[in-house]
Ligand SMILES: Cc1ncc(COP(=O)(O)O)c(C=O)c1O
Ligand SMILES: Cc1ncc(COP(=O)(O)O)c(C=O)c1O
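Residue numbers (our numbering), protein chains in the order written: chain F, 1 to 492; chain V, 1 to 492; chain Z, 1 to 440; chain P, 1 to 440.
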């Protein structure tokens, strides 16, 4: 028997979901307490004072605790179950990393502290930079970008700075049609135009099309490898030659780095700039949407353009910030990036070690390829010939005749107890189901999930309503997104 | 609409409840890792070695995390909702106390550390002892007892030591028929016999019966006040005179201390020995069954008999353990008691302060009396004339004609989203429902719970099966306790 | 096994799975990859260590930092040592929140979605504006996003920024402006406050109030001038000033942005923080990032979803209002818990305490010979700038650190000093004494 | 408001509720209580403080302790500085476990009940015995309960205890024995090991193995002698020795008890820990405390309940097997997480590491002139006792503490030294150097 995901609604219970804090509030109730003022009070200028108190909810600490405890229980995370969300590498997040990040010596440092009072964190960042450069085959890195998209923009601004220093500004960035949405968006924010290169029958960059696209005004190429179809761009050296030949640079979107850890390094494939998503590859928790961290590593010749400052190790063995970087693109983050997240990434990288990271990649690929094999009969692979790397893209097209869409498959998987795969991405695949199991899932979990997917495919034929009406086991069912946009209630 | 309490079963999910860790295990899987041995290995004598490895489950860290996360979600706590479990004072447990207890300076002290390396915790215990003595009107206290029952035994052994020092051993301890089970059990373990004094029509100790019981061989009286019916023993001074007159001592079972904080002190009522349940009165979390702490405070004349050692403040202002206590009953705990729990109690006592503790008591009584008023029409009070203190005892007897028992009322309350009250205790009340809301619940919560109880009473008449078949909203329903005892599966 | 391993595969598992794939070794998984790009050596990173060793290493590193429970922090400049209540992270840190992804499947994500809806609502309560999003990266990127929103909304290019705005924000505008095609123009100040500008054909005027020196600007006048000229008035604010200072809404700002660190987030050497942004309904379709809306499910039950997604990169691609995808959701949840913990009364008390302690500190410190306010006779909130007769501000800062006090940063030859509710009269008096020794 | 307040009542709430009760003030709630017992003054306890001030006070107090991340701990005597993995308390500490009561309503308590069932099961796996309970207070009370179980089971009074059992346990037996009516009789030892006794008409023989000196006893012989005489053989064991040492079940013990602190619980200056007890099926109905059993619900679904409650105080009152009610459930849950984290292989590696490091330490320390083993030529596990020619053991212990090393306790003129897996060769070598200085 199947039961709802998430904590219960309680009839007759004043705290029953979906009560907001506003509903729970009562005038005069409060949680906070402060010491009596131990200095004389001040008067701020009357014309500067707030007239009406902010309408924040008035609740007790117990209200807060129950409210958020229940909200948390209505949320599915990796700690709850299998989370095969393609392109997101939702692997297990080690608890030891949380312990590390909560050490007062990391958690309670002011970003403006004098360098001699923060030698430990500077050394941590310096060691982490070395390790990430080794993983990617790059020379130097910045930690300022707070996430992958920020890393993309950083990399593109570095390209721009590089080209204008060489006195030949360029206009366009080539991206595959299978690219993630942040790629074109970042291209635009960097002041470039998008030139889209199509995928060929293999699901890989169409080389001849690429040749045609590449002229003087191409600043560079931005790509993931394995690409968003989970396939390795086997012509990558060719591609690199073409772009470099035309004076362009290669940007590696690191979202799929997990697949090649310790086996292939972007630098060895000819990439000049790489971003990493620590919240994917290096198991830092994604927090329901963030925080992440998007360190950007570059080849030697691009190092001068990195955001300023960068960490350096001085002759005397002490660590500091190098701010003397005339060619730097400047500042991408208000301070030094998401340091608390980077501490977790350090724990992951050095806990696993070089040998462990290689195993991570191997097992991520093994899991994805095994699972693809188990479900392809019901959900054909978008590109059957290319061996899947860390994830695979299937299509739900065969279910169309039964009036069932990929989204219906996803919702039915919820009733069977799973967080669904990514759907409708990449856009180049009709009815796409993008499945990334990650290396931290066991064979039993994969087998059971495969059974569930096959079951859903059968149900689509025999009882399509089971899919169309799913989910039925969750505290709330399918939501009216059109209404949300129309009536637009975004504040209580 | 009502939904189940607890996290979902996931069909097709290999981790679906109630899988045990044993079911999840796979040979060769593990979570632990240790550094390579940096010293020469040793051989233990062959006749001492273990032959077969322990059959512990072999699981990954991710298995552990998902397993216990799901188990936790299937458990209802104060952080989940209202928990009016009579006699247990299930109030909100402040989060700041958790922060305090996890400070390395408290969490990581070895019990055998030299005194000069633990001055901070010794001072904390010393201050807490002073505060608890002020709350109870006593002179000195011990922190060794790990819970209330242990405090009871400690107090009774102190009585025994006191009487034998005076060369008149005594045989019996008087306890009311409404006493909690630990009282008679402790009496037996202390080598005394139980003499039960009945409650009179008021629900209070029957004075005349008490007079008769009290002869030379009465070592003392053990009682809660307010008693387990939630009523204040108004003749307490009379009772004290009687017992003391007969050469006996008075023991105060502190389970109900919450009712009188800052208003009445056991010492002022004539009690000689008091235990406190920090996990009730002082909001230390009960942990699903424990840990607790049961500090015992005594009047001056009994101080010499306290377990050894006790904390002392030396002339030079330093703190230490006084081990030179020839008349001490000895050792009740392996070390110094549940210090980690006492740190939380300290945070509660000094965070609320003297003024705050008084408010705690007032609001606890206010809440109980208000709720009693709201439900008495459907669930008559066992003793309508005595004003309820921090809790009240109603009876479900009126529902008997509908074939409904107190337990059915409790189970139906679960379907309505609440943890039920205590049932069938105290034993002297038929179909007892013992309700203790505590001071941390809001008027809205009490009103909603009252509505729920009245609804259950109506349902008992109109649809008694709703009660008899309850709960229907939980992941599992009523369990076969007879089968559990018969087939006795207590290990996988 | 000596290193951390989170892949649960037993040797049998690996063998069995390879067999099912008709492969004989893990190397075969990479067989189709051109040999020239395959790494022919192990990574040059030490091999893995146990949790025990790892934490020993990290404790050692953290031990080489002096943190704000050890140094007494009067440091400011955009991040502040406010008290973080225990409840905040015991709730925001719950693993169901922490280990979930962006709520793409709302049925399994109502917890995060509702928490974000309430965050947005409290930001509106706080600022007196109508629209908030689910967070941006931090204060600097929030300023940048506000400016690009203004440029899109007005169709104008030029960006006017008061020179009393935190220099880090100006730097960020320069950096992002290079891509977007603008160069921020600085609006001059006198005596530590921006002059009320004559606004031309600009997209926006960016004013920080209280400004980088902690000084209260003539915000009403500046914003009025901006709006009169058809530009967006952008208010860079301190969330914890809004118990005592008029909020952006009352000051007639169009867009309000802030560094959200002060809302229950730890200092963490600069991040993770969160970028707060609020605006008027007029700009809702130009907002960057995630926005959560309330709706109903097929059974009519209320619930929450990501809404107005047509603004976003995954739908709009190069035409998106921003490239942001991963944001700072968990920090926004913590901010919501913190704001609800404060409540309206707490927000006022907190603001009064900061202001009073800062005023007292300014008085005590300027009583030290050779120490003056860099900008006398202008009102400030919780932070102020000191100038010294005989010593450089950087030297003073470093020598105070050795005496156990954090101050700074240094800006325009002045030393910033900030007071939060955590600072006691005693600590302020002690700081004054230490400053006396240092400047003597 | 300046002190912590967790009662949510607004003034209106209080007024309204009093009205509903027909009362005019809170004092009226106590009107029926005799005036002589009413406290006519405020409690003489400082008035409440804010969370900020409270934590400052507590941090200050904790700062006056030197903890085991600061001192290197070789301390033993029943509590040990083993490594506590991060996962243990991030799971056992979940608030749904922590803030629940004893699982009286199983439908709402399956989490705690299953966790306890699994704890019991792992204790059986570990000890090789058939029955465990849901925990007792600690090691000392576990020894006491084992003895009273043995007395009830055999109907005999006398209690024989090896004099190599931890003196704290013997003290506890003396204390509880006064109530129960027995006086523990000590079994002599030679060279640090109990002599194999000629057992008379006694209820039990209590043997700690490894004993208080860390020495391996002749457990098989002692237990055989006890059982031959119809007494219960009680084995006081170290849970973390059972990866490498024969478990109670293999040694033919009837009852096994232990201090469970080492199973993932923090040192916390002596508590909260947990008492582990395991026995054979013959004694299941005499076990003290809670026991969880598996059963099915009305729909046939498997679930867990408290079982054999007829043993317990709330049913049996004075005839109960023990007075225990609140136990150490949360510590038992942590112990279960820890044991599953270890797994069979980890348990072995851990035991081997402790034994090897102790052996190495003994070698290094006895190489210091004036330092010898108190009991030469007997095998030990992770702990051993040192004797000194020129100094008293207490003096050595205190002077080592000042040098940053925790050792001890002192017992019978000897100084105990213990090694856990956390101690490195380097730390052991440094300790030897420090001891050299101290005894010089
Ligand atoms: C392929 C790809 N590129 C870029 C991104 C953007 O990364 P972030 O969300 O960290 O900004 C993602 C995130 O899902 C992605 O999958
Ligand atoms: C009245 C009374 N006395 C004693 C006890 C026993 O206290 P503990 O469970 O802390 O041993 C309880 C616990 O419920 C109780 O309610």
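Glycine included, C-beta positions come from ideal geometry on N, C-alpha and C. Please read all numbers here as calculations on a predicted model, not as lab measurements.
- Beta-bridge partners assigned by DSSP to residue 275(P): 136(P) and 259(P).
- In the DSSP assignment, residue 319(V) falls within the unbroken beta strand (DSSP E) covering 319-322.
- Judged by DSSP secondary structure, residue 68(F) falls within the alpha helix (DSSP H) whose first and last residues are 61-73.
- Under a 10 Å Cβ-count criterion, residue 318(F) is classified as exposed, with fewer than 16 other Cβ atoms of the shown protein chains found around its own Cβ.
- Within chain F, the residues 65, 66 and 69 have their CB atoms less than 7 Å from the CB of residue 79(V), given in chain order.
- Cα atoms of residue 150(Z) and residue 160(F): separation of roughly 24 Å, rounded to the nearest angstrom.
- Residues of chain Z with a Cβ closer than 7 Å to the Cβ of residue 40(F) are, in chain order, 356 and 360.
- Residue environment for residue 384(V): exposed (fewer than 16 other C-beta atoms within 10 angstroms of its C-beta).
- Here the alpha carbons of residue 283(V) and residue 137(V) stand approximately 20 Å from one another.
- Taking 7 Å as the cut-off, the beta carbon of residue 367(V) is found closer than this to the beta carbon of residue 437(V).
- Residue 86(P) reaches chain Z at 51 and 55, counting residues in chain order whose Cβ is nearer than 9 Å.
- Boundaries of the beta strand (DSSP E) harbouring residue 222(V): 218-223, taken from the DSSP string.
- At a cut-off of 4 residues, the continuous stretches assigned as alpha helix (DSSP H) that sit fully inside the stretch 47-129 of chain Z are 51-63, 86-92, 95-98 and 110-127.
- Listed along chain P, no residue sits closer than 7 Å to residue 313(V) by beta-carbon distance, the nearest being about 14 Å off.
- At a Cβ-Cβ threshold of 7 Å, residue 241(Z) and residue 381(Z) count as neighbours.
- For residue 10(Z), the residues of chain V that pass the 8 Å Cβ criterion are 26, 27, 28 and 29, in the order they occur in the chain.
- Residues of the same chain with a CB within less than 8 Å of the CB of residue 365(V), apart from the 5 flanking positions on each side, are 259, 388, 389 and 390 in chain order.
- Residue 415(F) and residue 472(F) have their C-alpha atoms some 7 Å from each other.
- The C-beta distance from residue 86(P) to residue 171(Z) rounds to 38 Å, too long to fall under 8 Å, and the pair is not in contact.
- In this structure, the alpha-carbon of residue 346(V) lies about 38 Å from that of residue 491(V).
- Within the same chain, and ignoring the five residues on either side of residue 164(Z) in sequence, the residues whose Cβ sits closer than 6 Å to its Cβ are 189, 194, 211 and 212.
- DSSP places residue 293(P) in no alpha helix (DSSP H) but in the uninterrupted beta strand (DSSP E) bounded by 292-296.
- Approximately 6 Å separates the beta-carbon atoms of residue 336(Z) and residue 122(Z); this is inside 8 Å, confirming the contact.
- Taking C-beta atoms under 8 Å as the contact rule, residue 419(F) and residue 105(Z) qualify, at a distance of about 7 Å.
- Under the Cβ criterion of 7 Å, residue 99(F) is not counted among the residues facing chain V.
- With a cutoff of 7 Å on beta-carbon distance, residue 340(P) and residue 64(V) are scored as near each other.
- 253(P) is the residue among 343(P), 253(P) and 415(P) whose C-alpha sits nearest the C-alpha of residue 131(P).
- Within the stretch 429-451 of chain V, contact with chain F at the beta-carbon level (separation under 9 Å) is assigned to 440, 441, 442, 443, 444, 445, 447, 448, 449 and 451.
- For the stretch 177-196 of chain P, the set of positions with a beta-carbon nearer than 9 Å to some beta-carbon of chain V reads 178, 179, 180 and 181 in chain order.
- With contact defined as three or more Cβ pairs closer than 8 Å, the stretch 177-192 of chain V and the stretch 330-345 of chain V are not in contact.
- Listed by position along the chain, the residues with Cβ atoms less than 6 Å from a non-hydrogen atom of ligand 2 are 87(V), 88(V), 147(V), 148(V), 149(V), 180(V), 182(V), 224(V), 228(V), 253(V), 255(V), 277(V), 292(V), 294(V), 325(P) and 326(P).
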